[in-house]
Amino acid sequence: MARRIRQTMDDLEESHEINVTPFIDVILVLLIIFMVAAPLATVDVNVDLPGSTATPAPRPETPLFLTLKDDLTLAIGNDRVPRPAFAATLDSRTKGDKQTRIFLRADKAVAYGDLMEAMNLLRRAGYLKIALVGLETGPAADAPAPATTRAAVP
801 MARRIRQTMD
811 DLEESHEINV
821 TPFIDVILVL
831 LIIFMVAAPL
841 ATVDVNVDLP
851 GSTATPAPRP
861 ETPLFLTLKD
871 DLTLAIGNDR
881 VPRPAFAATL
891 DSRTKGDKQT
901 RIFLRADKAV
911 AYGDLMEAMN
921 LLRRAGYLKI
931 ALVGLETGPA
941 ADAPAPATTR
951 AAVP
């Protein structure tokens, strides 16, 4: 004799589907956080940088930019710094770490001698790791590409 097993409505049926709603919520929250935080991570000092055809070097998480504007004023990050207080301000921004790499940006209207004066200010303050920053452009078709246009002073 065959018997039939009774099925009751009390038995819950297992669902084999993935509930993606929480994942979507998390991704949307992360997207909003990154959209808000991304503009805050950029430097807003307007400077007309010269171009460079060298391959870009990897950038650290929190780079420290020193900007020499066309009117020869200095800015660390977004803040203008007077030359007499330059070393003290730089020490406070780097927490006294002289091994911090300083990214030096200069307007292309700045004379070479003025750029060297800014580099000497850094050297006198004890910061020897200096990286020069330029705009990344492709090599010109009729002009030979320079061997190195990006440099770091050890």
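When you read off a place in the sequence shown, starting at 1, and then add 800, the result is the number in my numbering.
All C-beta atoms in this analysis are idealised placements derived from N, C-alpha and C, irrespective of residue type, glycine included.
As the structure is a computational prediction, the values presented were derived from the model and not from experiment.
Rounded to whole angstroms, the Cβ separation of Leu904 and Val933 is 7 angstroms, and the two are in contact under 8 angstroms. Arg880: member of the beta strand (DSSP E) spanning Asp879 to Val881, first to last residue. Remark: fewer than three beta-carbon pairs, one from each stretch, lie closer than 8 angstroms, so the stretch 861-872 and the stretch 814-832 are not flagged as touching. In the three-state reduction of the DSSP assignment, Ala911 falls in the coil class.
Excluding its 5 nearest sequence neighbours in each direction, Lys898 has C-beta neighbours in its own chain below 8 angstroms: Gly926, Tyr927 and Leu928, listed in chain order.
Bridge pairing for Gly851: Leu935 [DSSP]. Counting only the Cα atoms, Arg883 lies some 18 angstroms from Gly896. When the beta-carbon positions are compared, Leu915 and Gly851 stay at least 9 angstroms from each other. Boundaries of the alpha helix (DSSP H) harbouring Leu830: Thr821 to Ala837, taken from the DSSP string. In the three-state scheme derived from DSSP, where H, G and I count as helix and E and B as strand, Thr873 is classed as coil. In the DSSP assignment, Thr889 falls within the unbroken alpha helix (DSSP H) covering Phe886 to Thr894. The straight-line gap separating the alpha-carbon atoms of Ala888 and Leu921 is approximately 12 angstroms. Rounded to whole angstroms, the separation of the alpha carbons of Phe823 and Pro856 is 36 angstroms.
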